[in-house]
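So in this note's numbering, spot 266 of the sequence shown is number 289, and the numbers just go up one at a time. The beta-carbon is built from N, C-alpha and C at its ideal position, and this holds for glycine as well.
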Amino acid sequence: MQLDLPLLSLVIWLPIIGGLWVIFAGSGARERGVRYDALIISLVTFALSLLLYRDFDLTTASMQFVELHPWIASFKINYHIGIDGIALPLILLTTFTSILVIAGGWEVIEERVNQYMGAFLILEGFMVGVFSALDALLFYVFWEAMLIPMFLIIGIWGGPRRVYATIKFFLYTFLGSVLMLVALLYLYAHAHSFNLADLQATALTAAEQRWIFIAFFLAFAVKVPMWPVHTWLPDAHVEAPTGGSVVLAAIMLKMGGYGFIRFSLPITPDASASLDSFMIALSLVAVVYIGFVALVQQDMKKLIAYSSISHMGFVTLGLFAMFDIYAATGDWKNAAMGIEGAMVQMISHGFISGAMFLCVGVLYDRLHSRQINDYGGVANTMPVFAGFMLLFAMANAGLPATSGFVGEFIVILSVFKANFWYAFAAASTLILGAAYTLWMYKRVVFGEIRNSKVAALTDINGREAAILTALAILVLVFGIWPAPLLDMMHASVQHLVEQVAQSKISVAAYE
Numbered sequence: 024m025q026l027d028l029p030l031l032s033l034v035i036w037l038p039i040i041g042g043l044w045v046i047f048a049g050s051g052a053r054e055r056g057v058r059y060d061a062l063i064i065s066l067v068t069f070a071l072s073l074l075l076y077r078d079f080d081l082t083t084a085s086m087q088f089v090e091l092h093p094w095i096a097s098f099k100i101n102y103h104i105g106i107d108g109i110a111l112p113l114i115l116l117t118t119f120t121s122i123l124v125i126a127g128g129w130e131v132i133e134e135r136v137n138q139y140m141g142a143f144l145i146l147e148g149f150m151v152g153v154f155s156a157l158d159a160l161l162f163y164v165f166w167e168a169m170l171i172p173m174f175l176i177i178g179i180w181g182g183p184r185r186v187y188a189t190i191k192f193f194l195y196t197f198l199g200s201v202l203m204l205v206a207l208l209y210l211y212a213h214a215h216s217f218n219l220a221d222l223q224a225t226a227l228t229a230a231e232q233r234w235i236f237i238a239f240f241l242a243f244a245v246k247v248p249m250w251p252v253h254t255w256l257p258d259a260h261v262e263a264p265t266g267g268s269v270v271l272a273a274i275m276l277k278m279g280g281y282g283f284i285r286f287s288l289p290i291t292p293d294a295s296a297s298l299d300s301f302m303i304a305l306s307l308v309a310v311v312y313i314g315f316v317a318l319v320q321q322d323m324k325k326l327i328a329y330s331s332i333s334h335m336g337f338v339t340l341g342l343f344a345m346f347d348i349y350a351a352t353g354d355w356k357n358a359a360m361g362i363e364g365a366m367v368q369m370i371s372h373g374f375i376s377g378a379m380f381l382c383v384g385v386l387y388d389r390l391h392s393r394q395i396n397d398y399g400g401v402a403n404t405m406p407v408f409a410g411f412m413l414l415f416a417m418a419n420a421g422l423p424a425t426s427g428f429v430g431e432f433i434v435i436l437s438v439f440k441a442n443f444w445y446a447f448a449a450a451s452t453l454i455l456g457a458a459y460t461l462w463m464y465k466r467v468v469f470g471e472i473r474n475s476k477v478a479a480l481t482d483i484n485g486r487e488a489a490i491l492t493a494l495a496i497l498v499l500v501f502g503i504w505p506a507p508l509l510d511m512m513h514a515s516v517q518h519l520v521e522q523v524a525q526s527k528i529s530v531a532a533y534e
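Structure, rendered in structure tokens:
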């Protein structure tokens, strides 16, 4: 039974309004209680997002929970939101991860607690807004707005080089987004609307599509991030507090992939087809080259950051290999497999990368070091933690029966239908991922206790165990039974592929 409530608006605005209230009403004597306020708001938001899932119709690709209200009527700009099977899993990932971030900073953050908790709640609302916007300008407003709380999170609670990292993060993402705005304004001049459906239906020449694709590419590639515009991410991760790293890896990187799905493929299908080899090449460089870069890292956070870039290469590979898959098989349905694999990879990477950064945060909170050489023999003093970290390390390496295997396997299998060498290069991540992840785990966790600081470590407490247990369950459940994810997105992915297939140029080019 559907509730007669604007559920989607509630999921967007409850954390934003709640975050503002936490910031302004949670200082002074209420600083301790503000943690409970933030946790309750995040839990209620997650519960509302579960109602979205409960009432979601899996059989249709149509937008659901649609809300349309005039915003700037003279320019036909509307508060227009709705979700499909592509947006819903990302929203669920966002609301779930936000609970973990609030709980993870419970004892670690001791200064400006109200501002820290409020910033994450506001960021949560903006991120859900990005995944829900059906008006291109509304999408852009949410896209840019989320930079502000993340900028403050890294800049205030980050490490010694936080100012450098925040400026680099802001400039990379902002400059790419400006070009996206230019492309949206150009599309508005043709469609006389910012409605995404109208933009997707706008007839464009091949040259126009190519320029618009490039503008979108620069905005979304930075966010993924793709090689060679990835250099902001390791610095941001290293300097960010644990919660900031978790949100960056688990959610914000996914917005680049989501942008390609929502804008680049349906609005510029012909340019996407003509530039698919370029996108595949960059994706494979990320998978292989960045995997080797991860091997030489001495900082655990930086290693996991480079690992994220490598794993996100599977997302763009699965998205843009669809044209080569069609060329090889003659069936657009086969192309849908790569997109579904990319979506599963995004969700799985959200769980695994978030868990890995939380594990590093557990160690950093105790020893105040992220250097691999400062550890050794952690299993002797933190056996429960070592067990959790082993599971997440194996999932990061793509072990079967974990969610890390499912998305990568689907992408590799789909790409194999297009080109053996693409699949061969992509499959190298199974070796490289195991090498850098298990190498780090071995040196940090196994062996003799290296120093007195490691000997004094205490195992995880109940709060930390609850957070890691929740992630472990999801990693195992979706590794063994990914059907709920695939069923959620199947109709919407098929509709996306049909949209692309209707482009005469892209079909003709591959027949």
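Residue i - containing alpha helix (DSSP H), residue span
{"i": "residue 262", "result": "255–262"}
{"i": "residue 42", "result": "30–48"}
{"i": "residue 487", "result": "485–503"}
{"i": "residue 19", "result": "One cannot answer for residue 19 here, as it falls past the ends of the chain, which runs 24 to 534."}
{"i": "residue 514", "result": "506–524"}
{"i": "residue 272", "result": "Note, residue 272: premise wrong, no alpha helix (DSSP H); not H, not E."}
{"i": "residue 400", "result": "Neither: residue 400 is in no alpha helix (DSSP H) and is coded neither H nor E."}
{"i": "residue 433", "result": "426–441"}
{"i": "residue 241", "result": "229–246"}
{"i": "residue 278", "result": "277–282"}
Rounded separation between residue i and residue j - CA only
{"i": "residue 421", "j": "residue 453", "result": "6 Å"}
{"i": "residue 367", "j": "residue 509", "result": "8 Å"}
{"i": "residue 314", "j": "residue 97", "result": "50 Å"}
{"i": "residue 174", "j": "residue 312", "result": "29 Å"}
{"i": "residue 468", "j": "residue 133", "result": "28 Å"}
{"i": "residue 451", "j": "residue 418", "result": "16 Å"}
{"i": "residue 444", "j": "residue 391", "result": "43 Å"}
{"i": "residue 47", "j": "residue 141", "result": "9 Å"}
{"i": "residue 276", "j": "residue 65", "result": "21 Å"}
{"i": "residue 40", "j": "residue 69", "result": "15 Å"}
{"i": "residue 384", "j": "residue 408", "result": "12 Å"}
{"i": "residue 264", "j": "residue 388", "result": "10 Å"}
{"i": "residue 411", "j": "residue 425", "result": "13 Å"}
{"i": "residue 386", "j": "residue 393", "result": "8 Å"}
{"i": "residue 226", "j": "residue 99", "result": "19 Å"}
Per DSSP, cross-strand counterpart(s) of residue i
{"i": "residue 195", "result": "In DSSP, residue 195 forms no bridge with anything."}
{"i": "residue 299", "result": "BP columns for residue 299 are empty, so no partner."}
{"i": "residue 95", "result": "100"}
{"i": "residue 158", "result": "218"}
{"i": "residue 106", "result": "87"}
{"i": "residue 322", "result": "394"}
Residue i (DSSP reduced to helix, strand or coil)
{"i": "residue 137", "result": "helix"}
{"i": "residue 101", "result": "strand"}
{"i": "residue 388", "result": "helix"}
{"i": "residue 89", "result": "strand"}
{"i": "residue 221", "result": "helix"}
{"i": "residue 394", "result": "strand"}
{"i": "residue 420", "result": "coil"}
{"i": "residue 473", "result": "coil"}
{"i": "residue 80", "result": "coil"}
{"i": "residue 184", "result": "coil"}
{"i": "residue 451", "result": "coil"}
{"i": "residue 482", "result": "coil"}
{"i": "residue 132", "result": "coil"}
{"i": "residue 292", "result": "helix"}
{"i": "residue 61", "result": "helix"}
{"i": "residue 169", "result": "coil"}
{"i": "residue 328", "result": "helix"}
{"i": "residue 407", "result": "helix"}
{"i": "residue 250", "result": "coil"}
{"i": "residue 126", "result": "helix"}
{"i": "residue 226", "result": "coil"}
Supposed contact pair residue j and residue i - C-beta distance, whole angstroms, cut 8 Å
{"i": "residue 517", "j": "residue 359", "result": "6 Å"}
{"i": "residue 303", "j": "residue 242", "result": "Not a contact, Cβ separation roughly 20 Å."}
{"i": "residue 203", "j": "residue 139", "result": "In fact, because the Cβ distance is near 30 Å, the residues do not count as touching under 8 Å."}
{"i": "residue 536", "j": "residue 399", "result": "The first residue shown for the chain is 24 and the last is 534, placing residue 536 beyond what the model contains."}
{"i": "residue 126", "j": "residue 490", "result": "6 Å"}
{"i": "residue 457", "j": "residue 415", "result": "About 13 Å; that fails the 8 Å criterion."}
{"i": "residue 235", "j": "residue 151", "result": "With a Cβ gap of about 26 Å, residue 235 and residue 151 do not count as contacting."}
{"i": "residue 269", "j": "residue 124", "result": "6 Å"}
{"i": "residue 272", "j": "residue 331", "result": "5 Å"}
Minimum Cβ-Cβ distance from residue i to chain D less than 8 Å
{"i": "residue 173", "result": "Absent from the structure: chain D. Only one protein chain is present."}
Check: residue i C-beta below 7 Å from any heavy atom of the ligand NAD
{"i": "residue 506", "result": "Looking for the ligand NAD in the displayed structure turns up nothing, as the structure carries no ligands at all."}
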